[in-house]
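Protein chains in written order, with the numbering used here: chain V, 9 to 286; chain X, 443 to 819. For each residue, glycine too, the CB sits at the ideal point set by N, CA and C. Let me begin by presenting the structure, written as structure tokens, before commenting on it.
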Amino acid sequence: MAVYSAEHYLNRKRLPHLWCAGCGSGIVLGSLTRAMAALGLDREKVVTVTGIGCWGKADDYLNTNAFHGTHGRALSFATGIKAANPELTVIALMGDGDGATIGGNHLIHSARRNIGVTAIVVNNMNYGMTGGQYSATTPHGCITSTSKYGNPEREMDLCALVAVAGANYVGRSTAYHVTQLDSLIKNAISHKGFSFVEVISPCPTHFGRRNKFGVSVGMMKCLKERGLNKAKFGMLAEEEKDKYILLGKLVDRDEPDFNEQYETIRTRVFGSEQGLKG
Amino acid sequence: MERKMVFMQGNEAVAEGAIYAGARFYAGYPITPSSEIAEICSQRLLEVGGIYMQMEDELASMAAITGASLAGKKSLTATSGPGFSLMQENLGMAQAAEVPCVVVDVQRSGPSTGLATKPAQADIMQARWGRHGDQAIIALAPATVQECFELTVKAFSLSERFRTPVVLMPDEIIGHLRESVLLPAPGELEVVERKRYTGDPKAYLPFKPEDDDIAPMADYGSRYVFHITSSMHGYEGYSQNDPDNAAWKIGHLSDKIYNSLDEIIETREFFTEEMELLVITSGSTVRAAHEAVRQARSGGMKAGLLQLITLWPFADSKISELAAGVKSILVPEMNLGQMVHEVRRIVGAEMPVHSLAKSSGQGIEPQEILTKIREVY
Ligand code: SF4
Numbered sequence: 009m010a011v012y013s014a015e016h017y018l019n020r021k022r023l024p025h026l027w028c029a030g031c032g033s034g035i036v037l038g039s040l041t042r043a044m045a046a047l048g049l050d051r052e053k054v055v056t057v058t059g060i061g062c063w064g065k066a067d068d069y070l071n072t073n074a075f076h077g078t079h080g081r082a083l084s085f086a087t088g089i090k091a092a093n094p095e096l097t098v099i100a101l102m103g104d105g106d107g108a109t110i111g112g113n114h115l116i117h118s119a120r121r122n123i124g125v126t127a128i129v130v131n132n133m134n135y136g137m138t139g140g141q142y143s144a145t146t147p148h149g150c151i152t153s154t155s156k157y158g159n160p161e162r163e164m165d166l167c168a169l170v171a172v173a174g175a176n177y178v179g180r181s182t183a184y185h186v187t188q189l190d191s192l193i194k195n196a197i198s199h200k201g202f203s204f205v206e207v208i209s210p211c212p213t214h215f216g217r218r219n220k221f222g223v224s225v226g227m228m229k230c231l232k233e234r235g236l237n238k239a240k241f242g243m244l245a246e247e248e249k250d251k252y253i254l255l256g257k258l259v260d261r262d263e264p265d266f267n268e269q270y271e272t273i274r275t276r277v278f279g280s281e282q283g284l285k286g
Numbered sequence: 443m444e445r446k447m448v449f450m451q452g453n454e455a456v457a458e459g460a461i462y463a464g465a466r467f468y469a470g471y472p473i474t475p476s477s478e479i480a481e482i483c484s485q486r487l488l489e490v491g492g493i494y495m496q497m498e499d500e501l502a503s504m505a506a507i508t509g510a511s512l513a514g515k516k517s518l519t520a521t522s523g524p525g526f527s528l529m530q531e532n533l534g535m536a537q538a539a540e541v542p543c544v545v546v547d548v549q550r551s552g553p554s555t556g557l558a559t560k561p562a563q564a565d566i567m568q569a570r571w572g573r574h575g576d577q578a579i580i581a582l583a584p585a586t587v588q589e590c591f592e593l594t595v596k597a598f599s600l601s602e603r604f605r606t607p608v609v610l611m612p613d614e615i616i617g618h619l620r621e622s623v624l625l626p627a628p629g630e631l632e633v634v635e636r637k638r639y640t641g642d643p644k645a646y647l648p649f650k651p652e653d654d655d656i657a658p659m660a661d662y663g664s665r666y667v668f669h670i671t672s673s674m675h676g677y678e679g680y681s682q683n684d685p686d687n688a689a690w691k692i693g694h695l696s697d698k699i700y701n702s703l704d705e706i707i708e709t710r711e712f713f714t715e716e717m718e719l720l721v722i723t724s725g726s727t728v729r730a731a732h733e734a735v736r737q738a739r740s741g742g743m744k745a746g747l748l749q750l751i752t753l754w755p756f757a758d759s760k761i762s763e764l765a766a767g768v769k770s771i772l773v774p775e776m777n778l779g780q781m782v783h784e785v786r787r788i789v790g791a792e793m794p795v796h797s798l799a800k801s802s803g804q805g806i807e808p809q810e811i812l813t814k815i816r817e818v819y
């Protein structure tokens, strides 16, 4: 395995990044590059796929291969790339708008298909780039630029959705719990099949400001206090659970992925000489 | 291997043509009247070492073939009007990022779900203008099952040559037509491969055109690391918003196609010697028009026929050339009048251009065209 530093994966020409002071995106980018370094990935063999949104700019700051696609479709581009060349490490970076709202259908089916892609969804609970409108993960009642009197809709538990849809690996952390985040991302990338990491991340500019979290420090404090591991979360009374965030590895399965299933069928029909070729 | 005479359906010929052209990746969502292409590709791609994927919708299908193409596989999808509408978003992405791939739109009657699944030729303008923003597209329309095969091969070659998606748009009549086809032997039809970069990895600029207007490509996973974006970008493939670059790039996406019309535009003429009336059409309507023009000739009327094989870019100079010698033009088409406006744009207001527009989910019959020829001759 090659030995690289985390900086090896950063595209210095494109830095400094455009994220606001106090935004969690830079922290997740740090975790991602440390995970790549820990795995010794060759940047030639990595394709980072992004959509549109604040976190969707992350590919600019990486010097792996990249595909910055249309809003919500990152997983579909990633699916085509991985299916066509299973040797590649394909990582989709999406926000909650991209990954869970406009792209929710692709999230379900990527997990069901168990395509060998790692999805890292930075969930800042609103559409940061377009001015802080509510998304599918904005908690019910919260104030956003399109729910000034409170969000009438309910938020969605992304990890539960992806788990039930069939992903091999699911984990959740926050921009505060960096050591845990480093290891979840590393394990997700090295895991076979569809792997998913949700990162609850502060958007002080919009979500934090409007919901009186005292911007960046206040939001970090909130993540620190409300993020609980399985054991602690399990001890909470049912009515308390809503106020806390369950963190850590949530699913770890070893089901065959899409390409493996496809090749199994091919081999059954045509024998082993007919590998992926031509 | 020898040439082989077989009896097959238009959609089947599209699938076989794609495999002949080297396509090894298909992603799609079933829709009548194109589903046979998916069904055959699902089986044939497995046999030849390729991959078939059935996606959750057409947005994902178009995205997956774009991704697969950049991973080095010639890729296609097939759909019909409702699905083609959904594909427009990522078709624009493939245009902007200059990704070769083929989209087959077996045209059915709309709008919306429409007359599922009766024939139409009403997606001609959607193919040209369905995406937001300025861009150019190449679109081909077969009129026979033989052409379904050959134009699929050509669609792949043009997409590889010009680094752009190409739309193949048989109408439902052609997609479901069965007739004899002479399958070419391997190597008989030209199969173009994309130009790939071979220089120093550090010097690779994925969007810097060479003398032929096209930037060389690399595959994800090769030693050439590259960045692709749907945003406005410069030679390096990173977003770049300065107006000079934007003006160049937007222009380039059209220029690379419009500067090479001779390579792209294909038409076919029937009875165009000593002609007074020119019929211009495409797809299944060519078959009816051919019979009508033949009968008009035996009735002493000097009618001729121009088949537009390439729908986009439009065959401006061929139409101008033939229009110079005639008294009037007739454009039959299975829609309320789409091509006819292009023809009027080319020949000017002096020339009488008649429309035979039929939008009822039925094909146009030779007798209808002949009656119209008699009326306007
Ligand atoms: S708007 Fe919010 S999510 Fe976007 S960069 Fe600023 S803080 Fe981060």
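I'd like the list of long-range same chain contacts for residue i, defined as Cβ closer than 6 Å, with 5 residues on each side in sequence excluded.
i, result
"leucine 284/V", "Only weak support exists for where leucine 284/V lies, its pLDDT of 47 falling under 50; the coordinates are left without a value."
"lysine 21/V", "none"
"alanine 74/V", "Thr56, Asp67"
"cysteine 150/V", "Asn159, Asn219"
"alanine 510/X", "Phe467, Ser517"
Output the distance between the C-alpha atoms of residue i and residue j, rounded to the nearest integer angstrom.
i, j, result
"glycine 514/X", "phenylalanine 241/V", "46 Å"
"glycine 767/X", "methionine 793/X", "11 Å"
"glutamine 496/X", "tyrosine 471/X", "6 Å"
"tyrosine 17/V", "asparagine 701/X", "40 Å"
"asparagine 683/X", "serine 673/X", "9 Å"
"glutamate 621/X", "valine 728/X", "16 Å"
"glutamine 577/X", "glutamine 269/V", "39 Å"
"threonine 213/V", "valine 223/V", "7 Å"
"aspartate 499/X", "phenylalanine 526/X", "11 Å"
"leucine 750/X", "asparagine 777/X", "16 Å"
"threonine 109/V", "alanine 144/V", "5 Å"
"proline 774/X", "isoleucine 761/X", "15 Å"
With distance defined between alpha-carbon atoms, name the residue in the options nearest to residue i.
i, options, result
"glycine 328/V", "Glu733/X, Ala502/X, Glu489/X", "Residue numbering for chain V in the displayed model covers 9 to 286; residue 328/V lies beyond these limits and cannot be assessed."
"isoleucine 123/V", "Ser13/V, Thr275/V, Glu263/V, Ala66/V", "Glu263/V"
"serine 681/X", "Ala689/X, Trp690/X, Ile670/X", "Ile670/X"
"leucine 747/X", "Gly641/X, Ala505/X, Ala765/X, Gln537/X", "Ala765/X"
"arginine 234/V", "Lys251/V, Glu247/V, Ser39/V", "Lys251/V"
"alanine 569/X", "Lys560/X, Ile580/X, Leu778/X", "Ile580/X"
"alanine 119/V", "Tyr135/V, Ser143/V, Ala168/V", "Ala168/V"
"lysine 744/X", "Ile751/X, Thr723/X, Ser770/X", "Ser770/X"
"proline 628/X", "Val595/X, Leu610/X, Leu719/X, Arg665/X", "Val595/X"
"valine 548/X", "Ala562/X, Ile692/X, Glu632/X", "Ala562/X"
"aspartate 106/V", "Thr58/V, Leu231/V, Thr97/V, Phe85/V", "Thr58/V"
"isoleucine 566/X", "Phe598/X, Arg787/X, Val818/X, His783/X", "His783/X"
"serine 801/X", "Pro553/X, Lys446/X, Glu763/X", "Pro553/X"
"arginine 466/X", "Ile479/X, Glu444/X, Tyr494/X, Met447/X", "Tyr494/X"
"aspartate 826/X", "Pro651/X, Val789/X, Ala660/X", "Within the shown structure, residues of chain X are numbered from 443 to 819, placing residue 826/X beyond reach of any answer."
"glycine 459/X", "Gln537/X, Ala510/X, Val546/X", "Val546/X"
Identify, in the order they occur along the chain, each residue of the same chain with its Cβ nearer than 7 Å to the Cβ of residue i, setting aside the five sequence neighbours on each side.
i, result
"alanine 171/V", "Val178, Leu258, Val259"
"glycine 286/V", "Model confidence at glycine 286/V stands at a pLDDT of 39, short of 50, so the residue's coordinates are unreliable and nothing is read from them."
"alanine 455/X", "Val587, Cys590, Phe591, Val623"
"leucine 772/X", "Leu719, Val721, His796, Leu798, Lys814, Ile815, Val818"
"arginine 51/V", "Tyr17, Asn71, Thr72"
If you measure between the beta carbons of residue i and residue j, is that distance less than 8 Å?
i, j, result
"cysteine 543/X", "leucine 582/X", "no"
"glutamine 530/X", "glycine 556/X", "no"
"asparagine 131/V", "valine 207/V", "yes"
"threonine 87/V", "valine 125/V", "yes"
"isoleucine 656/X", "arginine 605/X", "yes"
"valine 789/X", "leucine 625/X", "no"
"leucine 101/V", "tryptophan 63/V", "yes"
With DSSP as the reference, please indicate the residues paired to residue i in a beta bridge.
i, result
"lysine 257/V", "Gly179/V"
"asparagine 73/V", "Val55/V"
"glycine 103/V", "Val130/V"
"glutamine 549/X", "Asp613/X"
"serine 517/X", "Phe467/X"
"isoleucine 707/X", "None, per the DSSP bridge assignment."
"proline 774/X", "Leu798/X"
"glutamate 206/V", "Val129/V, Arg180/V"
"histidine 675/X", "Ser681/X"
"glycine 64/V", "Its beta-bridge partners do not exist; DSSP assigns none."
Keeping to the same chain, check which residues put their C-beta closer than 8 Å to that of residue i; ignore five residues upstream and five downstream.
i, result
"tyrosine 532/X", "For the sequence presented, residue 532/X should be read as asparagine rather than tyrosine. The answer, listed in chain order, is Leu501, Met504, Ala505, Thr508."
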